[in-house]
Amino acid sequence: GDSVTQMEGPVTLSEEAFLTINCTYTATGYPSLFWYVQYPGEGLQLLLKATKADDKGSNKGFEATYRKETTSFHLEKGSVQVSDSAVYFCALSERTGNQFYFGTGTSLTVIP
Amino acid sequence: NAGVTQTPKFRILKIGQSMTLQCAQDMNHNYMYWYRQDPGMGLKLIYYSVGAGITDKGEVPNGYNVSRSTTEDFPLRLELAAPSQTSVYFCASRPQGAVMETQYFGPGTRLLVL
Numbered sequence: 001g002d003s004v005t006q007m008e009g010p011v012t013l014s015e016e017a018f019l020t021i022n023c024t025y026t027a028t029g030y031p032s033l034f035w036y037v038q039y040p041g042e043g044l045q046l047l048l049k050a051t052k053a054d055d056k057g058s059n060k061g062f063e064a065t066y067r068k069e070t071t072s073f074h075l076e077k078g079s080v081q082v083s084d085s086a087v088y089f090c091a092l093s094e095r096t097g098n099q100f101y102f103g104t105g106t107s108l109t110v111i112p
Numbered sequence: 001n002a003g004v005t006q007t008p009k010f011r012i013l014k015i016g017q018s019m020t021l022q023c024a025q026d027m028n029h030n031y032m033y034w035y036r037q038d039p040g041m042g043l044k045l046i047y048y049s050v051g052a053g054i055t056d057k058g059e060v061p062n063g064y065n066v067s068r069s070t071t072e073d074f075p076l077r078l079e080l081a082a083p084s085q086t087s088v089y090f091c092a093s094r095p096q097g098a099v100m101e102t103q104y105f106g107p108g109t110r111l112l113v114l
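Protein sequences, first through last, are from chains A and B. The opening residue of the first sequence carries number 1 in the working numbering; numbering runs sequentially from there. The opening residue of the second sequence carries number 1 in the working numbering; numbering runs sequentially from there.
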């Protein structure tokens, strides 16, 4: 079945450091891939998405490229800020399905 | 638009009690979902609905029931609360259509079963 595997956290970085959160997936078809962010006490918000191989999703300085050959969708940011502290979830959705599959989430803390 | 709303925000239940978690959306979305999020874990799908009158089980449906009598509302029922149901519950909705569409999440209901 479909599944998403994320790097385990928590991750602690200093402000302006480079961020990578790894995400790999298993899917039977041709899924769309997403990164969601959850700030403390809030629901999940869509951060970025990619719908086909080699697409790059980007938003708020975050980027992720859909790599079909490595079944990966790693999240990157060149210079993190304290306000980026949150939990990040990788997710996929099959085009022919109506369900989402979420990874376990990676907690990020950015210290000044 | 209010988006996806959930009530209550927080509730404490005793073992064996029952309650209904409310979820409503005003975006005319066909698809609605209920997830639970346990500490340090990802979201697990409990039930989903593709339209009024149609519901289906997700990954972890045991101990829960749902109904979908209108497009707007998708309540989640716990009949006999157990400590294992202590979690944060998120409702979500999305429109039917292109693959690029994604879910809109409510703010969550925190449930504690003692």
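All residues carry an ideal CB built from backbone N, CA and C; glycine is no exception. Model, not experiment: these values are computed from the prediction.
Close beta carbons around residue i, own chain, < 6 Å, minus the five adjacent residues each side
i	result
B/Met-32	Ser-49, Phe-74 and Ser-93
A/Asn-22	Met-7 and His-74
B/Gly-108	Val-88 and Phe-90
A/Asp-55	Tyr-66
Proximal residues of chain E, C-beta to C-beta of residue i below 7 Å
i	result
A/Leu-46	The question asks about chain E, but that chain is absent: this structure's protein chains are A and B.
Beta-carbon spacing of residue i, residue j below 8 Å
i	j	result
B/Val-66	B/Gln-85	no
A/Ala-50	A/Leu-75	no
B/Thr-7	B/Gln-22	yes
A/Val-4	A/Tyr-101	yes
Three-state class that DSSP yields for residue i in the structure shown
i	result
A/Ser-79	coil
A/Asp-54	coil
A/Asp-2	coil
A/Ser-72	strand
A/Asp-84	helix
B/Tyr-25	Before going on, a small fix: residue 25 of chain B reads as Gln here, not Tyr. B/Gln-25: strand per DSSP, three-state reduction.
B/Gln-6	strand
B/Gln-85	helix
A/Gln-38	strand
A/Gly-103	coil
B/Asn-65	strand
B/Ala-92	strand
A/Thr-24	strand
Close beta carbons around residue i, own chain, < 7 Å, minus the five adjacent residues each side
i	result
B/Gln-17	Ala-81
B/Leu-78	Ser-18, Met-19, Gly-63, Tyr-64 and Gln-85
Near the ligand GTP: residue i beta-carbon under 7 Å from a heavy atom
i	result
A/Gly-103	With respect to the ligand GTP, the structure offers nothing, as it holds no ligand at all.
Using a beta-carbon distance cut-off of less than 8 Å, what residues from the stretch 21 to 35 of chain A approach chain B?
Cβ contacts with chain B come from Ser-32 and Phe-34.
Check distances from the C-beta atoms of the stretch 45 to 72 of chain A to those of chain B and list, in chain order, the residues that come in under 8 Å.
Those residues of the stretch 45 to 72 of chain A placed with their C-beta closer than 8 Å to a C-beta in chain B are Gln-45, Leu-46, Lys-49 and Thr-51, ordered along the chain.
Residues of the stretch 18 to 43 of chain B in Cβ contact with chain A at a cutoff of 9 Å, in chain order, please.
Listed in sequence order: Tyr-31, Tyr-33, Tyr-35, Gln-37, Gly-40, Met-41, Gly-42 and Leu-43.
When Cβ atoms are compared, which residues of the stretch 74 to 86 of chain B fall closer than 7 Å to chain A?
Listed by position along the chain: nothing, the set is empty.
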